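K.L.:
All letters in the sequence shown, in the order written, are residues 1 to 712 by full-length UniProt numbering.
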Amino acid sequence: MAAFAPVAEGQTVVTAPGQLPLVTSKRARPSQRPHHAAASDRKPAMPQPSQPTAVANGITAGSATGSALNLQPTAASARQISGGEVNARPVSRVGEVLEAVPGLIVTQHSGEGKANQYFLRGFNLDHGTDLAITVDGMPVNMPTHGHGQGYADINFLIPELIQSMDVRKGPYYADKGDFASAGAVGINYLNGLPKNTAELTVGSFGYQRATAAGSTKVGDGTLLAAFEANKYNGPWVVPDDIRKLNGVLRYSQGTATDGFSLTAMGYSNGWNSTDQVAQRAIDQGLIDRYGSLDPTDGGTSSRLSLSGNWAQSSDYGQTKLNAYVIRSSLQLYNDFTYFLDDPVNGDQFSQTDRRTVYGVDASHAADIRIAGIDTETRVGMQTRYDDINVGLFKTAQREMLSAVRNDQVQEGNVGLWADTTARWTDWLRTTVGIREDYFAGHVLSDTPQNSGNAQAAMTSPKAGIVLGPCYKTELYGNAGFGLHSNDIRGATITVDPNDKVTPLDRVPLLVRSKGAEFGIRTMAIDGLTSSLAVFVLDFDSELLFVGDAGTTEPSRPSRRVGVEWTNQYRLLPWMSLDFDLAYTRARFTDVDPVGNFIPGAPAWVASGGVTFGRETGWFGSLRARYFGPRPLIEDDSVRSLSSFIVNARAGYKFDNGMRLQLDVLNLFNAQTNQIEYYYLSRLPGEPIGGVADRHVHPAEPLAVRLTVAATF
1 MAAFAPVAEG QTVVTAPGQL PLVTSKRARP SQRPHHAAAS DRKPAMPQPS
51 QPTAVANGIT AGSATGSALN LQPTAASARQ ISGGEVNARP VSRVGEVLEA
101 VPGLIVTQHS GEGKANQYFL RGFNLDHGTD LAITVDGMPV NMPTHGHGQG
151 YADINFLIPE LIQSMDVRKG PYYADKGDFA SAGAVGINYL NGLPKNTAEL
201 TVGSFGYQRA TAAGSTKVGD GTLLAAFEAN KYNGPWVVPD DIRKLNGVLR
251 YSQGTATDGF SLTAMGYSNG WNSTDQVAQR AIDQGLIDRY GSLDPTDGGT
301 SSRLSLSGNW AQSSDYGQTK LNAYVIRSSL QLYNDFTYFL DDPVNGDQFS
351 QTDRRTVYGV DASHAADIRI AGIDTETRVG MQTRYDDINV GLFKTAQREM
401 LSAVRNDQVQ EGNVGLWADT TARWTDWLRT TVGIREDYFA GHVLSDTPQN
451 SGNAQAAMTS PKAGIVLGPC YKTELYGNAG FGLHSNDIRG ATITVDPNDK
501 VTPLDRVPLL VRSKGAEFGI RTMAIDGLTS SLAVFVLDFD SELLFVGDAG
551 TTEPSRPSRR VGVEWTNQYR LLPWMSLDFD LAYTRARFTD VDPVGNFIPG
601 APAWVASGGV TFGRETGWFG SLRARYFGPR PLIEDDSVRS LSSFIVNARA
651 GYKFDNGMRL QLDVLNLFNA QTNQIEYYYL SRLPGEPIGG VADRHVHPAE
701 PLAVRLTVAA TF
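#1: Which of the three DSSP states, helix, strand or coil, is assigned to ALA100?
#2: Have a look at ASN309, ASP241, TYR267 and flag the residue whose alpha-carbon is nearest the alpha-carbon of THR257.
#3: For a minimum of 3 consecutive residues, which ranges assigned as the beta strand (DSSP E) are wholly contained in the stretch 299-358?
#4: To the nearest angstrom, how far is the alpha carbon of ASP663 from that of ARG705?
#5: Tell whether a beta-carbon distance below 8 Å holds between ALA396 and GLY359.
#6: From LEU428 to SER530, what does the alpha carbon distance come to, in whole angstroms?
#7: So who's on the other strand from ALA606, going by DSSP bridges?
#8: Give me, in chain order, the residues of the same chain whose beta-carbon lies closer than 8 Å to that of LEU683; leave out the 5 immediate sequence neighbours on both sides.
#9: Between which residues of its own chain and GLY150 is the CB-CB distance below 6 Å, once the five residues before and five after are set aside?
#10: Would you check if there are 3 or more beta carbon pairs closer than 8 Å linking the stretch 157-169 to the stretch 189-206?
#11: Helix, strand or coil for ASN450? Go by DSSP, reduced to three states.
#12: My assumption, with CB atoms under 8 Å, is that SER485 sits in contact with LEU509. Please give the rounded CB distance.
#13: Taking only the alpha-carbon atoms, compute the straight-line gap between ILE133 and GLU411 and give it to the nearest angstrom.
#14: Beta strand (DSSP E) containing ILE675: first to last residue?
#15: To the nearest angstrom, how far is it from the Cα of PRO687 to the Cα of ASP437?
#16: When you compare each of GLY203, ASP407, LYS217 to LYS195 by their alpha carbons, which one comes out closest?
#17: Expressed to the nearest angstrom, what Euclidean distance is found between the alpha-carbon atoms of GLN253 and ALA311?
#18: Would you list, in sequence order, the uninterrupted alpha helix (DSSP H) runs of no fewer than 4 residues that lie entirely inside the stretch 258-287?
#19: If we require 4 or more residues per run, which alpha helix (DSSP H) segments fall completely within the stretch 482-547?
#20: Under a three-way DSSP split, which group does GLY206 fall into?
#21: In terms of residues, what are the limits of the alpha helix (DSSP H) holding VAL86?
#22: What does DSSP give as the partner residues of HIS442 in its beta bridges?
#23: From which residue to which residue does the beta strand (DSSP E) around SER92 run?
#24: Residue range of the beta strand (DSSP E) that HIS697 falls in?
#25: For the structure I just gave you, are there three or more beta carbon pairs, one from the stretch 113-128 and one from the stretch 650-662, closer than 8 Å?
#26: Does DSSP put THR60 in a helix, a strand or coil?
#27: So, under 8 Å CB-CB, TYR232 and GLU99 are touching, yes? Tell me the CB distance rounded to an integer number of Å.
#28: Among residues of its own chain, excluding the 5 on either side of VAL646, which ones have a beta-carbon nearer than 6 Å to its beta-carbon?
#29: Work out the CA separation of SER302 and SER576 for me, nearest whole Å.
#30: Contact between the stretch 364-377 and the stretch 404-420: three or more CB pairs below 8 Å?
#31: Given this structure, state the Cα-to-Cα distance separating ALA703 from GLY203, to the nearest angstrom.
#32: Short of 6 Å in beta carbon distance, which residues of its chain neighbour THR356, apart from the five on each side in sequence? Order them along the chain.
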């Protein structure tokens, strides 16, 4: 994937896959900039360390692969990743671009049109429960979603348009609210391209992808357009038959600190799904390793959005405004238990979600000198309203048999936040912040007993400290309270929608999280940026994915204690190395005889690679990812396999802008699984009560993809 990515106002990175970014700059050096709010890119608050001192050979000083690790980091785990680095990675699916985030694993347990499965800091985040993802300020996570709380589908993302990804972990940031307790990833798109691009990729298992992108001056601004078409069958006995269309149109003027942009996006997809299957069906020869137990599983999805961003800087500070409207729809057909619930028709069910989302975010930041102390104060407001039609239906071969529940939901939230960062000395900075969240909504259910209103509010204080720099090293301390929301239908429910009689307990609309992190970041060794973070994160109630139901459910209180070690080393001007290692101990904190292990919570995660390339000539990348074994049930008596997958890329960029590229995915053809669960299911002829078994979704075998690209 090619990328053209500004890393800061006035700087443009021009990269090809595997090529280290080349930076051209029209921006004044830090010593030449006026000292007021307009002079800096505002980042989520926490203490701000010193600015990078130089840009050398296309990479910010101290960065190893183009990640601006030292661009105003706010904690040892915080960083900004350039679009060049993101696109230098060979990936099998678009969601895997998020694996540029250290410690984040992206997998899939179903068809490629569905949201990915995310793992971070000892969480099985299902499809996004505690990982807040935004694209150009628009939220991706969906509350009260038909397939699970916080569902975050980024299949509409066009990686070549990524300018940068802002990464934050932990509940320490006043401007981060729902779904952000484990982490938050803000994806920023380009405003323009230095050259128009077109590329075509073909590969194993029917993979076809065509993209085109370009920009031109229109009036005082820039018009950007991009289009993507993608087809893919995969190695499955029942082909995925992916049919994806994707487009972006943007008009912008000015800069991110003084200017505006208007963006329209459109996306549609349809696919078949080979969901996770019972391991015993493979072992007994009933199906192939890549076979299906219900060939009619699949889905359709679409997303339309219109958004606008506006910013203005002056001697009084910087004001930002973001507004958006999103229209999305999803219809899924899944069958995870086969003939357990319905021995006659089977257990396939359909989940539907159609919604319109409206939102406005506003903030103002100002530099103020108080009693000789330089401070920056930010205040902001975030509002969101979801108008949702969400349903669950029993089906057979995609034909509806009956409705389990069908609900009209109106849900809104408002977040008010503020923080102040003070630079007490050249080596001491502190930040204090506070956030107030209010959630409210109404459920109109086809089961009247489950209709009703729900509301809740939470106050979340935040604090942090940075010591340094000293010998190119800084120490960080962060702490804060956060939250995640539950499906509002769980806050109004009174009876089981299956039988309309069995009473059920309601769950709280908001759940408290709290965490702390201590870390160190150093650039003491020339060319190496290394950081170490130790963290703890508590939840009053865990959100767990229920494999046999295909949904998330509130569960028991939990604690995670972990450590992350991240390294990026620029070995040569045209070659870089990186290595990330994370360990997390995840446990339920209450007493229960079933055990205190959290199903699906990974302990060990590691990744690393080498990337090389120049502006023209040969380029390439070799990357490895280790995903450690996980407990599948609470007593840890059943565990998943680990996986180790290597992807590779090699290519050549010609002087005329042509590029040839070969990606080899799963280079060593590892026979492992993308994901595993353990639960009851029933195959034909088995006992009526079902059989407890592993249910697996295998990793795709070795595959190759050839790309031909041109700029003009």
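All C-beta atoms in this analysis are idealised placements derived from N, C-alpha and C, irrespective of residue type, glycine included. Quantities reported herein were computed from a predicted structural model and do not represent experimental measurements.
P.N.:
Result, derived from the coordinates:
#1: Stepping through the sequence shown from its first residue, residue 100 is reached at position 100. If DSSP states are grouped into helix, strand and coil, ALA100 belongs with the helices.
#2: Walking along the sequence shown from the start, residue 257 turns up at place 257. Measuring from the Cα of THR257, the nearest candidate turns out to be ASN309.
#3: Those beta strand (DSSP E) runs which fall completely within the stretch 299-358 and span 3+ residues are 317-334.
#4: The residue given as residue 663 occupies position 663 in the sequence shown. The residue given as residue 705 occupies position 705 in the sequence shown. Rounded to the nearest whole angstrom, the C-alpha separation of ASP663 and ARG705 is 5 Å.
#5: Indexing the sequence shown from 1 puts residue 396 at position 396. Indexing the sequence shown from 1 puts residue 359 at position 359. In this structure, GLY359 does not lie closer than 8 Å to ALA396 by Cβ.
#6: Locating residue 428 in the sequence shown gives position 428, counting from the first residue. Locating residue 530 in the sequence shown gives position 530, counting from the first residue. Annotation: LEU428 to SER530 spans about 21 Å, alpha carbon to alpha carbon.
#7: Residue numbering aside, residue 606 sits at position 606 when the sequence shown is read from its first letter. For ALA606, DSSP records a beta bridge to LEU581, TYR626.
#8: The count along the sequence shown starts at 1 and reaches residue 683 at position 683. Short of 8 Å from the beta carbon of LEU683, and not among the five residues preceding or following it, lie these beta carbons of its own chain, in chain order: ALA278, ARG280, ALA281, LEU286, LEU293, TYR338, PHE339, VAL691.
#9: Working through the sequence shown from its first residue, we reach residue 150 at position 150. So the list reads GLY128, THR129, ASN141, PHE179, once near-sequence residues are dropped.
#10: Touching, yes.
#11: For this step, residue 450 is matched to residue 450 along the sequence shown. Secondary structure at ASN450: helix, using DSSP grouped into helix, strand and coil.
#12: As a first step, residue 485 is located in the sequence shown; it is residue number 485 there, counting from the start. As a first step, residue 509 is located in the sequence shown; it is residue number 509 there, counting from the start. At roughly 6 Å, the Cβ-Cβ gap stays under 8 Å, so SER485 and LEU509 are in contact.
#13: Within the sequence shown, numbered from 1, the residue matching residue 133 stands at position 133. Within the sequence shown, numbered from 1, the residue matching residue 411 stands at position 411. One C-alpha to the other measures close to 19 Å.
#14: As a working mapping, residue 675 is identified with position 675 in the sequence shown. Following the DSSP letters along the chain, one finds ILE675 inside the beta strand (DSSP E) bounded by residues 673-681.
#15: As a first step, residue 687 must be located in the sequence shown, where it is residue number 687. As a first step, residue 437 must be located in the sequence shown, where it is residue number 437. When rounded, the distance between both Cα atoms is 49 Å.
#16: One-based indexing of the sequence shown puts residue 195 at position 195. Here the closest residue by C-alpha is LYS217.
#17: For this step, residue 253 is matched to residue 253 along the sequence shown. For this step, residue 311 is matched to residue 311 along the sequence shown. Rounded to the nearest whole angstrom, the C-alpha separation of GLN253 and ALA311 is 11 Å.
#18: Listed in chain order, the complete alpha helix (DSSP H) runs (minimum 4 residues) inside the stretch 258-287 are 279-283.
#19: Those alpha helix (DSSP H) runs which fall completely within the stretch 482-547 and span 4+ residues are 488-492.
#20: Numbered from its first residue, the sequence shown carries residue 206 at position 206. Here DSSP, grouped into helix, strand and coil, assigns GLY206 to helix.
#21: As a first step, residue 86 must be located in the sequence shown, where it is residue number 86. Start and end: 83-87.
#22: The residue labelled residue 442 in the question sits at position 442 within the sequence shown. According to DSSP, which records beta bridges pairwise, HIS442 is partnered with GLN410, ASN453.
#23: Here residue 92 refers to the residue found at position 92 of the sequence shown. Looking at the DSSP string, SER92 is not in any beta strand (DSSP E), and its letter there is neither H nor E.
#24: Position 697 of the sequence shown, counting from 1, holds the residue named residue 697. Its beta strand (DSSP E) spans residues 691-698.
#25: Contact fails: fewer than three Cβ-Cβ distances are below 8 Å.
#26: Numbered from 1 along the sequence shown, position 60 holds the residue referred to as residue 60. Low confidence applies to THR60: its pLDDT is 27, below 50, so where it sits in the model is not reliable enough to give any reading.
#27: By one-based count along the sequence shown, residue 232 stands at place 232. By one-based count along the sequence shown, residue 99 stands at place 99. Not confirmed; about 19 Å, so no contact.
#28: Locating residue 646 in the sequence shown gives position 646, counting from the first residue. So the qualifying residues of the chain are ALA624, LEU667, PHE668.
#29: Along the sequence shown, read from residue 1 onward, the residue named residue 576 stands at position 576. Along the sequence shown, read from residue 1 onward, the residue named residue 302 stands at position 302. In a straight line, the C-alpha of SER576 is about 38 Å away from that of SER302.
#30: Three or more beta-carbon pairs separated by less than 8 Å link the stretch 364-377 to the stretch 404-420, which places the two stretches in contact.
#31: Sequence index remark: in the sequence shown, residue 703 carries index 703 (1-based). Sequence index remark: in the sequence shown, residue 203 carries index 203 (1-based). Cα to Cα, the separation comes out at about 7 Å.
#32: Here residue 356 refers to the residue found at position 356 of the sequence shown. Excluding residues within five positions, the ones whose Cβ falls inside 6 Å are ARG327, ASP387.
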